[in-house]
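In what follows, a structure is listed as structure tokens, so that the remarks can point back to it.
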Amino acid sequence: MASHDDKGVKRSNMDDNDQDSKRIKRAENGDAAPEKYNPYLAHLNEDGNGNGTNGDFESPLDAFERHKTTAVQAAQAEDSELNPWTGQPHSQRYFDILKVRRDLPVHKQRQEFLDMYHNTQILVFVGETGSGKTTQIPQYVLYDELPHTNGKLIACTQPRRVAAMSVAQRVANELDVELGQEVGYSIRFENRTGPKTMLKYMTDGQLLRESMHDHDMSRYSCIILDEAHERTLATDILMALLKQIAARRSDLKIIVMSATLDAQKFQSYFYNAPLLAVPGRTHPVEIFYTPEPERDYLEAAVRTVLQIHATEPEGDILLFLTGEEEIEDACRRISLEVDDMIRESDAGPMKVYPLYGTLPPAHQQRIFEKAPEPLRKGGRPGRKVIVSTNIAETSLTIDGIVYVVDPGFSKQKIYNPRSRVESLLVSPISKASAQQRAGRAGRTRPGKCFRLYTEKAFKKELIEQTYPEILRSNLANTVLELKKLGVEDLVHFDLMDPPAPETMMRALEELNYLACLDDDGELTRLGGLASEFPLDPALAVMLISSPEFYCSNEILSIVSLLSVPSIWVRPNNARKRADEMKMQFAHPDGDHLTLLNAYHAYKGAETNGDDMKRWCHEHFLSYRHLSSADNVRAQLKRIMETHDISLVSTPFQDKNYYTNIRRALLAGFFMQVAMRESSNSKVYKTVKDDQLVMIHPSTSVTSPYDWVVYNEFVLTTKQYVRTVTNIRPEWLLEIAPVYYDLDTFEKGEIKSALTRITDKVKRRQAIKGSGSAR
DNA sequence: GAGCACTGC
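Okay, structure coming up:
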């Protein structure tokens, strides 16, 4: 990100300078001059991409006054022959889309929106699905902010990349401009904006990253936070930051957009900002509850789907379950039962589709296939049922769903600051989630939602909103970001839902041990550097320290591989072969080293000119995740280069090649170390936390030493440490002397083991010393 | 001898 961000900063300065000179010129000519005072339009003549447009055109916008425009004025400009932003003739498609846009619920309230926008700095906007807020509001702002007059951009954030990309494309079409020109988007790995860009869709995390180098967000005149009700970590931090920035920058406007449920909360958080609500456009959904609680929700879910198929009219079904295994199981059971139904009672055909995030994209696409035809002419209609995780609640919308089956559970991340463990737990959903799920049935016509819990449970037991991410996460990364963002006082940083003090303390403690924060809580040089990387602090510190261990190239690869989903593919019907393939890459001393071997093999085959998709398939490796790791690696490498972190390797023939890497792992992960309970035991105890753990069975470590460093702690049926590598305990005292300071170490087996080792090392050194003296 | 809800930088 460093390189293109640098460009971004330079560019915006250029624009500003450009703008200044134009502004002066404009002042000389007086306000009426319709001359080309538009820095964006000026490029049309220069860069050769302007299709020969003449920048000297009379735009209806010339008569507009910033923050004083009306809906009528804007509509007239939109109706004109020539595009007011580019001077190009409007296409027929433009007018076709314009007609549709004017039919959106939000359109009726354009003037009302402008009146409010003109009179406030912060505005809360509430619009349900189908209101058109994501595409229209930024355009209404565009016609009022007139970015060509001050060179500042309008930003609209989204929690997900796909949304930022697809909405930007849609709005570019609506404005009849080319994507990446006047309208663009910016997401990790892809910046499709240019010197002419006025409206920029971006991920919330991307705006947060940007603001680390521009604390006032000075490039923007208006920032729109969309889908704020989702309460992502990035959105929560942005809201608190924007509250502060708004006090410093009276010229910055902020719009917070949300679905209805929590609107008042946003309003009061932003000093009782005015609120505008626009109805959505959805069909009614009838809700059914079970009279009695269900003992086995999976069984009940399968039964309900079959019952819908047998008794309800045509229409597709969406069933929400919690995870891959459960979904595959349910799909099998439904398919079997439907076969029986067809044989026994002449039911229509039903196609069953699983849907979850780790499913390859090509398989995900299958859910959009049409429902099957009746088995014979005039037979009972066919339908499809999609069995999905929460991914269908927000990320993916499927048209044609008429029936939703909601057992009321989802897997949620929870964080326990005491044990410092993040884990996934099947938990009851919130009322807001239940409503969102039900809404999925009413997108194309009136639908039905079957809740597999009682109405009483819905009212009394479900919480209103899912807890925001900030309350469910390890905040080490966030605290580091905030320090870099210049937030001095974390305790009084005005977050909408402040996390537990213990979570904050844990994060500060962790960053202090990593030497990212000093004892006064101030950002150190290392901390500043670590915050430049889009990584967890431990990974960043490991990467920054790796040149000292002569293996930064290798650690860079390992860090990238640890930053993407698992590269190992293990299909249910070929587990044994997959495990055998993995053995080819296995390094006896560590899973980190095994990952590295697989990556090197991958790069080798690539250089060989092999068909990489095929190669990966043959070797049971995920092409998707390996190429994504490659992408991450390139980004991290750029950041290392900009900060003069050298890329070095120990020669592969050197006997210390792997030892150096194993030692470097400890530079970041010295807090994630476990010691074997006794020499024959399979049980390990984690350092300082004293958790009893086993090594995850997926490991390739054949003969575990008494000490291992681990990448993650997973809590499932048992407590496991996953991705482990053998280490020598004396390295700990050498590489992390503060954390392993025996004077402050709590009494126990680990302390005594470490004490024995120190003594041994001392003795050895004494012998060596006396030996050389002789 | 297990199993990755979902995002994001």
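Quick note: the first sequence uses full-length UniProt numbering, first residue 1, plus one each step.
C-beta: ideal position from N, C-alpha, C; glycine also.
Test item: CB-CB of L142 and R219 under 8 Å: no
Entirely enclosed alpha helix (DSSP H) segments - the region 193-269, minimum 4 residues: Secondary structure in the region 193-269: the alpha helix (DSSP H) runs of 4 residues or longer, each lying completely within the stretch, are 204-211, 233-248 and 263-269 in chain order.
Rounded C-alpha distance that separates P498 from R451: About 33 Å.
Length of the line joining the Cα atoms of V632 and T454: Taking the Cα positions, V632 is about 47 Å away from T454.
Whole runs of the alpha helix (DSSP H) within the region 52-129, excluding any shorter than 4 residues: 71-79, 92-101 and 110-118
Continuous beta strand (DSSP E) stretch holding K384: start and end: R383 to S388
For E464 and Y353, the rounded distance between their alpha carbons: Those two C-alpha atoms are separated by around 30 Å.
Top-ranked residue by Cα proximity to A228, from Q412, F125, P284 and Y513: F125
Residue closest to Q114, alpha-carbon to alpha-carbon, out of H148, K603, Q181 and R66: The question names Gln, but residue 114 in the sequence shown is Leu. The shortest C-alpha separation from L114 is found at R66.
Contact check, V564 vs S628, beta carbons under 8 Å: yes
Three-state secondary structure assigned by DSSP to R418: coil
M350, DSSP secondary structure in three states: Shown here, M350 sits in a strand according to DSSP, grouped into three states.
Simplified DSSP assignment, three categories, for T659: It is helical.
Same chain only: Cβ atoms within 8 Å of L462, ignoring 5 sequence neighbours per side: G408, P428, I429, S430, K431 and A434
I398 - DSSP class collapsed to helix/strand/coil: It is coil, neither helix nor strand.
Among A155, G400 and T478, the one whose alpha carbon lies nearest that of P446: G400
Simplified DSSP assignment, three categories, for T725: Under the three-state reduction of DSSP output, T725 falls in the strand class.
Beta-carbon proximity check, I767 vs E730, cutoff 8 Å: no
Where N390 falls, given that 16 or more other Cβ within 10 Å makes a residue buried: buried
6 Å CB neighbourhood of G769 in its chain, flanking five on each side removed: none
C-alpha gap between Q76 and R93, whole angstroms: Rounded to whole angstroms, Q76 to R93 spans 18 Å at the Cα level.
Three-pair Cβ contact test at 8 Å for the region 277-291 versus the region 342-350: no
Straight-line Cα distance separating F320 from L82: Approximately 48 Å, taken between the alpha carbons.
Identity of the residue in L665, F745 and T702 nearest D690 by Cα: F745
Cβ-based burial, P743 [other Cβ within 10 Å; buried from 16]: Note that residue 743 corresponds to Asp in the displayed sequence, not to Pro. By the neighbour-count rule (16 or more Cβ atoms within 10 Å), D743 is not buried but exposed.
Top-ranked residue by Cα proximity to T717, from S131, S423, A273 and P195: S423
Under the three-state DSSP convention, the category S423 falls into: strand
Buried/exposed call for I24, threshold 16 Cβ in 10 Å: In this prediction, I24 has a pLDDT of 32, which is less than 50 and means its spatial position is unreliable; what the coordinates show is noted afterwards. That one is exposed.
Of the residues P147, T86, R170 and F57, the one placed nearest V100, counting alpha carbons only: The option with the nearest alpha carbon to V100 is R170.
As assigned by DSSP and simplified to three states, the class of E464: Three-state result, E464: coil.
Endpoints, beta strand (DSSP E) assigned at Q653: For Q653, there is no enclosing beta strand (DSSP E), as DSSP marks it with neither H nor E.
Where T702 falls, given that 16 or more other Cβ within 10 Å makes a residue buried: exposed
Nearest to N173 (by Cα), restricted to the options P704, L535, L98 and P651: L98
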